[in-house]
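Scroll down for the structure; my scribbles are underneath it.
Protein chains in written order, with my numbering: chain A, 805 to 938; chain B, 356 to 1165.
Pasting the structure below:
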């Protein structure tokens, strides 16, 4: 599950998934509201819960912070790994996310190569190395 | 003892001398003479005429039973029950036409006639005459042709008749006289201040009596007296404004005036006339003449008046709440008459003066209070508009124009602000420390300390009596030691004391040695040394209200600060929001541009070389834009972040900075020397590390040849060293520096280098950079309360200097 309002950034993310040759399917939400809606949809038993949630912080509607809060407040999503991807390197944002249960916080580099590399690392780690709840 | 201003003075001198010579006691006012003293008159009835007094016996003089009257009138003592004459003054032949010896045992009708005897009987039955001298009738059918006013009063079972010549009817025809008194009383109804009121009283009394000098004499709280009003003939020297020692008027004399409204002595040089017999034949007692207008005066007093050149005196008390507040003292240069009519008018005026005194006091206090309040208010308004308490002492009118004081000292903003005569700063500090220990200043609603004898209480004030005998102090901020002190000098330095130092100390009189005013004066100086005029209740109140005004000022300033802080917080939040926009909204498209450029470069291998360069440039520009945005964000955060002050070992801080910039790497082409150990300093070490890393980065970048030689060091506050271009604020502070041997900076650019994004060289020369490093250094230094500046020579090198807060630990 990816919350990302910026198309370019989403494309970069898709590229990263492709280069990492991951079998996972990506569900995109462009706003916080949509993201929460999709998550709750999936939790109704129709679909599987996402393996990993990637949140952009600054999104239309409910922003990433709100989504993070909602996820951590909901018993069904408590165990979901949530990774924040943001342009901001503001310590206030970073502190907020970790305080509110984010599993990791990454600043998106402007350099496309670096950006791609960072995303690949995230996927490799969370969907490869780390043990997640099945 | 007759009582009168100057009479009182001499009584004081005498009493002083007695104490001084016989007892050497300090406090003399209420001391009594030893009872075993052998009196010249032994067990016999006393006669002032026969026995007189000397310096040694004056304290024992039975002033109320002198046995004698003044010669201008006659006196008869009647048994109250049958109005038989028990005693008569020896001069009845002259005054009444019958010798005293012939009158004894006779009914009073023998002198006044049957009709007046009946009058007297009626009066004694119907009127309250005990201790109350009352006009009875005028006796006109005398064999000697005299016309006499007769006054009567009763005391101890006898009726006392006093006969005096009716006088002054020529100058004051009856109708006019009473209109005159009435008008005088009318004029005394609207007093504006005590002094003007008393001045009015003296003028009215002089107009009625026609005497040479009429004075109003006021007792201060320490009982010393001051001539506050005077009406006199032009020929006389003024006594207005003179102060007299308290001891000039002994307590017993003051007590007498609580019972009497008037003491006349129309002919001080006249002879005394004894009563025949001296003692009442019924009980063997001497007549108590306390209330007799004719009572014979003490020779001590008449002598003193004669020395003064005064031949007559008239004295009336001014009472306030049953206390003797002052005296109306009159004197005349030649013997005169004080007929009953005049005495009654003067008594009336004295009573009116006493009744109106409180009104006058109130009016004066109100005026004084209004003046103080008005000035204090003006000062508070000025202080408020200037946002500072300094206006209290800096302008006219100042604090000195409100509460009457010699000097005022205000402790505010860690220093003293003074006006008028005040002690030195060191002495003020000591006094402030002492004041803070006084429990009075700990009161929450009345934190005020008042004394008129500071040196006797506060050891550190000894020696400051000339300016700080009196102190009125109030605290307006205990935490910040905000203190306001009014000072008053020693009384003896502020007033004109009566008593001429050139007088001979002792003079010999017909009755033995006499003290001159000079001795009295010197004795008195001892009693007022180190004492100021007392602080009035209205002054204390005014000080307390000023304190409230100051508190309001301080509080409203606090509120303003709170508002400013709120504004600041708001604008900081807005700045944050702006920085956010810069961070996110500007960077997002930048990332997109970079991505497309990247893809262009990857996917279109066929693109010609020229286009590849363009795309590369595009990508490089986006990265640069990104750095600029980062620097901007960082700069905005540096200005607002909270600093975390602690004692930091700057050696470690500098080492970390060097490590961060990689200057110690083998191929760094850079050497850094630290000539001596850096100190431990109270600062935010992360920020100071950033200062060093930025300065070192610069030093490393702008090298002249392939090798940068950098020195990191400091100049201690008290160290002898050159401090080129150091700003004034850096004086007395430790100065840190980073020196390089690089390309140098032109002097005209010394200020410019600190400007955000300002670069002195081409964008990619000297390792590139966005031009924010020095701006951030400057901001960080400023946040530490310091300054940063530089000294540089082209082709030789640059030294950046900076100070941090002045709190050096070691």
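Every residue gets a Cβ at the ideal spot worked out from N, C-alpha and C, and that includes glycine.
- Proximity of residue 978(B) to chain A, defined by a Cβ-Cβ separation below 8 angstroms, is satisfied.
- Listed along chain B, the residues sitting closer than 9 angstroms to residue 915(A) by beta-carbon distance are 946, 949, 953, 974, 977, 978 and 981.
- Exclusion of the five residues before and after residue 400(B) leaves 422, 633, 634 and 641 as the residues of its chain whose Cβ lies within less than 7 angstroms of its Cβ.
- In this structure, residue 683(B) lies near residue 557(B), with their beta-carbon atoms less than 8 angstroms apart.
- The DSSP-derived three-state label of residue 680(B) is strand.
- Contact annotation for residue 919(A) against chain B: 946 [CB-CB distance below 7 angstroms, chain order].
- Looking from the CA of residue 892(B), the closest CA among 801(B), 981(B), 919(B) and 910(B) belongs to 801(B).
- Along the region 604-652 of chain B, the alpha helix (DSSP H) occurs as fully enclosed runs of 4 or more residues at 606-611, listed in sequence order.
- Assignment of beta strand (DSSP E) within the region 553-580 of chain B, counting only whole runs of 3 or more residues, yields 568-574 in chain order.
- Per DSSP, the unbroken beta strand (DSSP E) holding residue 1063(B) starts and ends at 1063-1070.
- For residue 1068(B) against residue 1099(B), the beta-carbon gap comes to about 19 angstroms, at or over 8 angstroms, which does not count as contact.
- For residue 1014(B), no CB of chain A lies under 8 angstroms from its own CB, so it is not counted at the interface with that chain.
- Scanning its chain for C-beta atoms nearer than 7 angstroms, with the 5 sequence neighbours on each side dropped, one finds around residue 738(B) the residues 744, 746, 747 and 908, in chain order.
- Remark: C-beta atoms of residue 700(B) and residue 536(B) approach each other more closely than 8 angstroms.
- Remark: three or more beta-carbon pairs, one from each stretch, lie closer than 8 angstroms, so the region 1102-1113 of chain B and the region 1126-1144 of chain B are flagged as touching.
- The three-state reading of DSSP puts residue 440(B) in strand, counting E and B together.
- Against residue 813(A), the close residues of chain B are 943, 946, 947 and 950, in the order they occur along the chain (beta-carbon pairs closer than 9 angstroms).
- Taking C-beta atoms under 8 angstroms as the contact rule, residue 805(B) and residue 895(B) qualify, at a distance of about 6 angstroms.
- 428(B) is the residue among 428(B), 579(B) and 434(B) whose C-alpha sits nearest the C-alpha of residue 447(B).
- DSSP, read as helix, strand or coil, puts residue 500(B) in coil.
- With at least 16 other beta carbons inside 10 angstroms of its own, residue 585(B) counts as buried.
- The C-beta of residue 731(B) comes no closer than 8 angstroms to any C-beta of chain A.
- With respect to residue 948(B), residue 988(B) sits apart: the two C-beta atoms are not nearer than 8 angstroms.
- Runs of the beta strand (DSSP E) spanning 3 or more residues and lying entirely within the region 783-841 of chain B occur at 803-806 and 825-832, in chain order.
- Secondary structure note for residue 928(A): its alpha helix (DSSP H) is the uninterrupted segment 916-928.
- By the CB criterion at 8 angstroms, residue 891(A) and residue 912(A) fall inside the cutoff.
- Taking a cut-off of 8 angstroms for Cβ pairs, the region 904-918 of chain B and the region 591-602 of chain B do not touch, as fewer than three such pairs fall below it.
- Residue 1073(B) sits in coil when the DSSP states are folded into three classes, being neither helix nor strand.
- Going by DSSP, residue 805(A) is part of no alpha helix (DSSP H) at all; its letter is neither H nor E.
- The DSSP assignment places complete alpha helix (DSSP H) segments of no fewer than 4 residues inside the region 968-1030 of chain B at 1005-1016, in order along the chain.
- Excluding its 5 nearest sequence neighbours in each direction, residue 755(B) has C-beta neighbours in its own chain below 7 angstroms: 763, 774 and 775, listed in chain order.
- In chain order, 946 make up the part of chain B whose C-beta sits under 7 angstroms from the C-beta of residue 912(A).
- For residue 995(B), the CB contacts under 6 angstroms within the same chain, skipping 5 residues up- and downstream, are 927 in chain order.
- Nearest in C-alpha terms to residue 432(B), of all of 443(B), 559(B) and 1006(B), is 443(B).
- When rounded, the separation of the alpha-carbon atoms in residue 866(A) and residue 906(A) is 17 angstroms.
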